[in-house]
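Participant: Sequence lines, in order, name chains A and B. In terms of numbering that gives the first Met the number 0, the first sequence opens at residue 0 and continues consecutively. In terms of numbering that gives the first Met the number 0, the second sequence opens at residue 0 and continues consecutively. Positions of the beta carbon are idealized from the N, C-alpha and C atoms, including for glycine. Everything numeric in this text was worked out from a predicted model, so none of it was measured.
Number of protein chains: 2
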Amino acid sequence: MELTKRKKEILKIVVESYIDTAEPMGSKAVVEKMSGKISSATVRNELADLTEMGYLEQPHTSAGRIPSPKGYRLYVNELMERRTLSAEETAEINRTLSDRMSGMDEVIARAGQMVSSFVGYPTYAVADHTGASTARRFELLGVEDSGVIAVVMLSDDRVKSRLLQPELPVSASQLPELSHLLNTHFTGIGASEMNARLMNLSDQVQGNWFLLLNQVVEYAAALVRESERQQVFTDGASQLLRFPEYRDVDKAHDLMRFMSESKSALPVPADGAPVQILIGPENVNDALKESSVIVASYDIGDHMRGLVGVVGPTRMDYAAVAARLSYFAESLSAMFGRKNQLPPKEEKE
Amino acid sequence: MELTKRKKEILKIVVESYIDTAEPMGSKAVVEKMSGKISSATVRNELADLTEMGYLEQPHTSAGRIPSPKGYRLYVNELMERRTLSAEETAEINRTLSDRMSGMDEVIARAGQMVSSFVGYPTYAVADHTGASTARRFELLGVEDSGVIAVVMLSDDRVKSRLLQPELPVSASQLPELSHLLNTHFTGIGASEMNARLMNLSDQVQGNWFLLLNQVVEYAAALVRESERQQVFTDGASQLLRFPEYRDVDKAHDLMRFMSESKSALPVPADGAPVQILIGPENVNDALKESSVIVASYDIGDHMRGLVGVVGPTRMDYAAVAARLSYFAESLSAMFGRKNQLPPKEEKE
DNA sequence: TTTTAGCACTCTGGGGAATGGAGTGCTAAA
DNA sequence: TTTAGCACTCCATTCCCCAGAGTGCTAAAA
Numbered sequence: 000m001e002l003t004k005r006k007k008e009i010l011k012i013v014v015e016s017y018i019d020t021a022e023p024m025g026s027k028a029v030v031e032k033m034s035g036k037i038s039s040a041t042v043r044n045e046l047a048d049l050t051e052m053g054y055l056e057q058p059h060t061s062a063g064r065i066p067s068p069k070g071y072r073l074y075v076n077e078l079m080e081r082r083t084l085s086a087e088e089t090a091e092i093n094r095t096l097s098d099r100m101s102g103m104d105e106v107i108a109r110a111g112q113m114v115s116s117f118v119g120y121p122t123y124a125v126a127d128h129t130g131a132s133t134a135r136r137f138e139l140l141g142v143e144d145s146g147v148i149a150v151v152m153l154s155d156d157r158v159k160s161r162l163l164q165p166e167l168p169v170s171a172s173q174l175p176e177l178s179h180l181l182n183t184h185f186t187g188i189g190a191s192e193m194n195a196r197l198m199n200l201s202d203q204v205q206g207n208w209f210l211l212l213n214q215v216v217e218y219a220a221a222l223v224r225e226s227e228r229q230q231v232f233t234d235g236a237s238q239l240l241r242f243p244e245y246r247d248v249d250k251a252h253d254l255m256r257f258m259s260e261s262k263s264a265l266p267v268p269a270d271g272a273p274v275q276i277l278i279g280p281e282n283v284n285d286a287l288k289e290s291s292v293i294v295a296s297y298d299i300g301d302h303m304r305g306l307v308g309v310v311g312p313t314r315m316d317y318a319a320v321a322a323r324l325s326y327f328a329e330s331l332s333a334m335f336g337r338k339n340q341l342p343p344k345e346e347k348e
Numbered sequence: 000m001e002l003t004k005r006k007k008e009i010l011k012i013v014v015e016s017y018i019d020t021a022e023p024m025g026s027k028a029v030v031e032k033m034s035g036k037i038s039s040a041t042v043r044n045e046l047a048d049l050t051e052m053g054y055l056e057q058p059h060t061s062a063g064r065i066p067s068p069k070g071y072r073l074y075v076n077e078l079m080e081r082r083t084l085s086a087e088e089t090a091e092i093n094r095t096l097s098d099r100m101s102g103m104d105e106v107i108a109r110a111g112q113m114v115s116s117f118v119g120y121p122t123y124a125v126a127d128h129t130g131a132s133t134a135r136r137f138e139l140l141g142v143e144d145s146g147v148i149a150v151v152m153l154s155d156d157r158v159k160s161r162l163l164q165p166e167l168p169v170s171a172s173q174l175p176e177l178s179h180l181l182n183t184h185f186t187g188i189g190a191s192e193m194n195a196r197l198m199n200l201s202d203q204v205q206g207n208w209f210l211l212l213n214q215v216v217e218y219a220a221a222l223v224r225e226s227e228r229q230q231v232f233t234d235g236a237s238q239l240l241r242f243p244e245y246r247d248v249d250k251a252h253d254l255m256r257f258m259s260e261s262k263s264a265l266p267v268p269a270d271g272a273p274v275q276i277l278i279g280p281e282n283v284n285d286a287l288k289e290s291s292v293i294v295a296s297y298d299i300g301d302h303m304r305g306l307v308g309v310v311g312p313t314r315m316d317y318a319a320v321a322a323r324l325s326y327f328a329e330s331l332s333a334m335f336g337r338k339n340q341l342p343p344k345e346e347k348e
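1. Please report how far the alpha carbon of A/G187 lies from the alpha carbon of A/S237, in whole angstroms.
2. How is A/I92 classed by DSSP in three states: helix, strand or coil?
3. So is B/H179 buried or exposed if we call it buried at 16+ other beta carbons inside 10 Å?
4. Let me know the secondary structure DSSP gives B/E11 once reduced to three states.
5. Grab the span of the alpha helix (DSSP H) containing A/S259 for me, first residue to last.
6. Do you know offhand how far B/T95's Cα is from A/L10's?
7. On the criterion of 16 or more Cβ atoms from any shown chain inside 10 Å, does A/V283 qualify as buried, or is it exposed?
8. Helix or strand or just coil, what does DSSP make of B/S38?
9. Please work out which residues of its chain come closer than 8 Å, Cβ to Cβ, to B/N182, disregarding the five sequence neighbours upstream and downstream, and give them in chain order.
10. Less than 8 Å between C-beta atoms, sequence neighbours within five positions excluded: which residues of the same chain meet that for B/V274?
11. Taking DSSP as the reference, what is the three-state secondary structure of B/D202?
12. Taking 8 Å as the CB-CB cut-off, is A/V152 touching chain B?
13. Would you decide whether B/T60 is buried or exposed? Buried here means 16 or more other CB atoms lie within 10 Å of its CB.
14. Is the region 203 to 219 of chain B touching the region 159 to 174 of chain B in the sense that three or more CB pairs, one from each, lie closer than 8 Å?
15. At which residues does the beta strand (DSSP E) containing B/D127 begin and terminate?
16. Which ranges would you report for the alpha helix (DSSP H) in the region 204 to 250 of chain A if only whole runs of at least 4 residues count?
17. Buried or exposed: where does B/A62 fall if 16 or more other Cβ atoms within 10 Å of its Cβ makes it buried?
18. Measuring CB to CB, does B/L240 end up less than 8 Å from B/A286?
19. Is it buried or exposed, B/E227, if we count other Cβ atoms within 10 angstroms and call 16 or more buried?
20. Express the C-alpha separation of A/A21 and A/R314 in angstroms, rounding to a whole number.
21. Can you give me the start and stop residues for the beta strand (DSSP E) that B/A333 sits inside?
22. Near B/H302, what residues of its chain come up, given a Cβ to Cβ distance below 8 Å and the 5 sequence neighbours on each side ignored?
23. Rounded to the nearest angstrom, what separates B/R246 and B/Y71 at their Cα positions?
24. What does A/H184 touch in chain B if you count any residue whose Cβ is under 9 Å from its own?
25. Measuring CB to CB, does A/L210 end up less than 8 Å from A/L174?
26. Output needed for A/Y74: all residues of its chain with C-beta closer than 6 Å, excluding positions within five of it in sequence on either side, in chain order.
27. Just to confirm the assignment, what range does the alpha helix (DSSP H) spanning B/D298 have?
28. Buried or exposed for B/A86, please, with buried defined as at least 16 other CB atoms from any protein chain shown within 10 angstroms of its CB.
29. Determine the direct distance from the alpha carbon of B/E281 to that of B/S291, and round the result to whole angstroms.
30. Given a limit of 8 Å on CB to CB distance, which residues of the region 277 to 306 of chain B reach chain A?
31. Got a sec: which bits of the region 132 to 148 of chain A sit with their beta carbon under 7 Å from any beta carbon on chain B, in order along the chain?
32. For my contact list, B/A219 and B/F185 are in at a C-beta cut-off of 8 Å; report their separation, rounded to the angstrom.
33. DSSP on A/P68, reduced to helix/strand/coil?
34. One question on the structure: do B/P68 and B/I278 come within less than 8 Å of each other, judged by their Cβ atoms?
35. Mind listing, in chain order, the continuous beta strand (DSSP E) runs of no fewer than 3 residues lying wholly within the region 124 to 175 of chain B?
36. Check the Cβ-Cβ distances between B/S259 and every residue of chain A, and say whether any is below 8 Å.
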């Protein structure tokens, strides 16, 4: 059977109505939307065809039609009008973005929050490291009251620092030498290798040095390990409850638990695709089979990608969410993607 | 009317049963719990008295009794057996704590997560700064490919750092001088004062210096501002849905929204109290009037307190949560509260 | 004075049965 | 190929009934 232009038109109407109302749509309602060019009986025939072809479903014999995942897919691929954001919308996003954005890893956590409050769905945010990161540069700085600041720059350009309290005092004048030691022995290697090398040094350096080295290396190793383990931030979980499909508390609970617990099982976009849409059963994970996910990636630094995913019912507003999400991702890439590029300045309110 | 010992015993039984089952308790069930020392008619009289005195409530005339907020309060103050944690429980908490704990501000965020997964209720976590923090020390470090690492130590002992890309190159040899400039002009002052001083310097230093200074100061000002604004982390919101009192999606939604949005309106413990319990209407905020909050504070660094609050239904398991929460708070204080003290070492699995 | 047994009464929650409405599919005519 | 007409299906809502749980009260017993 052929998918005529009229069938597509009707499918589009049904999908959009269902996205809007979450109610099955009947033939009469379709006729109204088509401004009466056609009778309800004709529409009924078309609806029957679309159902047979697998684009629509019937909750029960005498209800209207709702889109099937296949129907959503066709809608997303062909029928949906790509939305562009209005000037006000982009302005608002820019304002949010420029507001306060500090280090790279804060970007990831904040990206999820921002997107969630912006699109009105729950989100998750992940950092996607290309390859394991290592320490690239160490620096120790003395502070007055005998504390030591350890600064570690990682191969992915993150810079982390922390105040350490040496167990035995180390004089400030020795810190450059210690920094040098760290830079020669502990850069470019993984966490376990760091520990191994530390052991080798244990009887080559003085006790107070070793204790400090130990703290620094432990800190650096924790940082390196942290970047291996995917950290997932979820935000706006409560938004789920806005939707009638999650009025069933158990469903909502399951999905929320899944999002906040099963780090790593969340979808990531296929390479190259800026925004990917996964509809219902297209999701690999069971917990998501009745929901949809829109996920986008953006560049931060030269060695990292950030991911933001939006989770919602299968009838989520694909056009609106995808538009906002890709604008976000593009803006973030522009701000953090390459070096020597500054955030677009925006007047603060 | 007097609150006899027997009345208290009965009240305790009712409260604990209700905490356990969320079902109103009738006179017969009470008799069973008291192992038959007394008849149900007697218990009925006592229950009627307790109701009249305001410790119990009746959902409707022919239902059992449930505790009123006043009843919970009495229970918490007098009747509840303070729980102590078993060796396994403390061991598990210690394991979680020692696992990975980096900088101070990560502590706050992670504390909420840990407590939430541990006690099985949603939590919020806040940093409570005593007084506004300022920058205490600046340090600029050059990296090979012309980037500059800015290290800022704040008056609250937090150390933050970030990689900057100067718009115009600044030679590495000039960085110590610039650091000195920063340390003399921009320490010990608030964010707006920083900007003012920066303006004053604008025509006293070379253009490329100024551009870099600008970036550093903007970064530092953002850090200072960040510590003024209370940042609230919430975790485990989905746990709410475990409880029958939040099966009403709207109630759950309201509370979740409140927790994730209304930063700052969340309860903080009165000074001195290590753990504070707020029952139902004792909460100032409307959104919490039908829930209870247990909040604890712990010390991190010398100038900061962290707060962790546990949110749940009024029938939450006060004894268990309070015990766990205070153990957490104590452990965190011990680990981060004073300087020169190290986390209790625990073998990592 | 306190406790207990007995009893009438109240209220809830759950399980049908009845009903109206929305929507369908099919047939036959346009 | 489209349309009007019609019988049919299924759901959601409402109403009603009833068992069960639990109460308060009275009057007798301790």
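Facilitator: Reading it off the structure:
1. Taking the first residue of the first sequence as position 1, residue 187 of chain A is located at position 188. Taking the first residue of the first sequence as position 1, residue 237 of chain A is located at position 238. The alpha-carbon atoms of A/G187 and A/S237 are separated by roughly 42 Å.
2. Here residue 92 of chain A corresponds to residue number 93 of the first sequence, with the count starting at 1. In the structure shown, A/I92 sits in a helix (DSSP, three-state: H, G or I).
3. Taking the first residue of the second sequence as position 1, residue 179 of chain B is located at position 180. B/H179 is exposed by the Cβ-count criterion.
4. Along the second sequence, read from residue 1 onward, the residue named residue 11 of chain B stands at position 12. For the record, residue 11 of chain B in the displayed sequence is Lys; it is not Glu. Under the three-state reduction of DSSP, B/K11 is assigned to helix.
5. Counted from its first residue, the first sequence places residue 259 of chain A at position 260. In this chain, the alpha helix (DSSP H) harbouring A/S259 covers V248 to E260.
6. Translated into positions along the second sequence, residue 95 of chain B becomes position 96. Translated into positions along the first sequence, residue 10 of chain A becomes position 11. Taken atom to atom, the span from the alpha-carbon of B/T95 to that of A/L10 is near 52 Å.
7. The sequence position of residue 283 of chain A within the first sequence is 284, counting from 1. A/V283 counts as exposed, since fewer than 16 other C-beta atoms from the protein chains shown sit within 10 angstroms of its C-beta.
8. Walking along the second sequence from the start, residue 38 of chain B turns up at place 39. Three-state DSSP puts B/S38 in coil, outside helix and strand.
9. In the second sequence, the residue the question calls residue 182 of chain B occupies position 183. Hits under 8 Å: R136 and F137.
10. The sequence position of residue 274 of chain B within the second sequence is 275, counting from 1. Taking C-beta separations shorter than 8 Å and ignoring five residues to either side along the sequence, the partners of B/V274 in its chain run P268, I293, V294, A295, A321, L324, S325 and A328, following chain order.
11. Sequence index remark: in the second sequence, residue 202 of chain B carries index 203 (1-based). If DSSP states are grouped into helix, strand and coil, B/D202 belongs with coil.
12. Residue numbering aside, residue 152 of chain A sits at position 153 when the first sequence is read from its first letter. Per the sequence presented here, residue 152 of chain A reads as Met, with Val not at that position. Interface residue, yes.
13. On the second sequence, residue 60 of chain B is found 61 positions in, with the first residue counted as 1. Its Cβ having fewer than 16 others within 10 Å, B/T60 is exposed.
14. Between the region 159 to 174 of chain B and the region 203 to 219 of chain B, the count of Cβ pairs shorter than 8 Å is three or higher; the stretches touch.
15. Within the second sequence, numbered from 1, the residue matching residue 127 of chain B stands at position 128. T122 to H128 is the span of the beta strand (DSSP E), which, as asked, contains B/D127.
16. Runs of the alpha helix (DSSP H) lying entirely within the region 204 to 250 of chain A, each at least 4 residues long, are 206 to 227 in chain order.
17. Start at 1 with the first residue of the second sequence, and residue 62 of chain B comes out as number 63. Burial call: exposed.
18. In the second sequence, the residue the question calls residue 240 of chain B occupies position 241. In the second sequence, the residue the question calls residue 286 of chain B occupies position 287. Going by C-beta atoms, B/L240 is not nearer than 8 Å to B/A286.
19. On the second sequence, position 228 is the one that residue 227 of chain B refers to. Residue burial annotation: B/E227 is exposed, with fewer than 16 other C-beta atoms found within 10 angstroms of its C-beta.
20. As a position in the first sequence, residue 314 of chain A is number 315, starting the count at 1. As a position in the first sequence, residue 21 of chain A is number 22, starting the count at 1. The C-alpha of A/A21 is placed about 7 Å away from the C-alpha of A/R314.
21. Numbered from 1 along the second sequence, position 334 holds the residue referred to as residue 333 of chain B. No beta strand (DSSP E) holds B/A333; the alpha helix (DSSP H) holding it covers Y317 to F335.
22. Residue mapping note: residue 302 of chain B aligns to position 303 of the second sequence, counting from 1. If the five residues before and after B/H302 are omitted, its C-beta is found closer than 8 Å to the C-beta atoms of H128, T129, G130, S132, S154, D155 and D156, all from its own chain and listed in chain order.
23. The residue labelled residue 246 of chain B in the question sits at position 247 within the second sequence. The residue labelled residue 71 of chain B in the question sits at position 72 within the second sequence. Going by the C-alpha atoms only, they are around 22 Å apart.
24. Translated into positions along the first sequence, residue 184 of chain A becomes position 185. Result: empty, since nearest Cβ-Cβ is about 19 Å, beyond 9 Å.
25. By one-based count along the first sequence, residue 210 of chain A stands at place 211. By one-based count along the first sequence, residue 174 of chain A stands at place 175. In this structure, A/L174 does not lie closer than 8 Å to A/L210 by Cβ.
26. Taking the first residue of the first sequence as 1, we reach residue 74 of chain A at position 75. Only residues of its own chain outside the window of five on either side were considered, and among them V14 have a CB closer than 6 Å to the CB of A/Y74, listed in chain order.
27. Your numbering for residue 298 of chain B matches position 299 in the second sequence. Counting along the chain, B/D298 falls outside any alpha helix (DSSP H), though it belongs to the beta strand (DSSP E) covering S290 to I299.
28. In the second sequence, the residue the question calls residue 86 of chain B occupies position 87. Here B/A86 is exposed. Its C-beta has fewer than 16 other C-beta atoms within 10 Å.
29. The residue you call residue 291 of chain B lines up with position 292 of the second sequence. The residue you call residue 281 of chain B lines up with position 282 of the second sequence. Each residue's Cα considered, the two are about 8 Å apart.
30. The region 277 to 306 of chain B vs chain A, Cβ under 8 Å: nothing.
31. Going along the region 132 to 148 of chain A in chain order, one finds R136, E138, L140, V142 and I148 with a Cβ nearer than 7 Å to chain B.
32. Residue mapping note: residue 219 of chain B aligns to position 220 of the second sequence, counting from 1. Residue mapping note: residue 185 of chain B aligns to position 186 of the second sequence, counting from 1. About 7 Å separates the beta carbons of B/A219 and B/F185, which is inside the 8 Å limit, making them a contact pair.
33. Reading the first sequence from its first residue, position 69 is the one you call residue 68 of chain A. In the structure shown, A/P68 sits in a helix (DSSP, three-state: H, G or I).
34. Within the second sequence, residue 68 of chain B is the residue found at index 69, counting from 1. Within the second sequence, residue 278 of chain B is the residue found at index 279, counting from 1. At a Cβ-Cβ threshold of 8 Å, B/P68 and B/I278 count as neighbours.
35. The qualifying runs are 134 to 141, 147 to 153 and 158 to 163.
36. Position 260 of the second sequence holds residue 259 of chain B. At least one chain A Cβ lies under 8 Å of B/S259.
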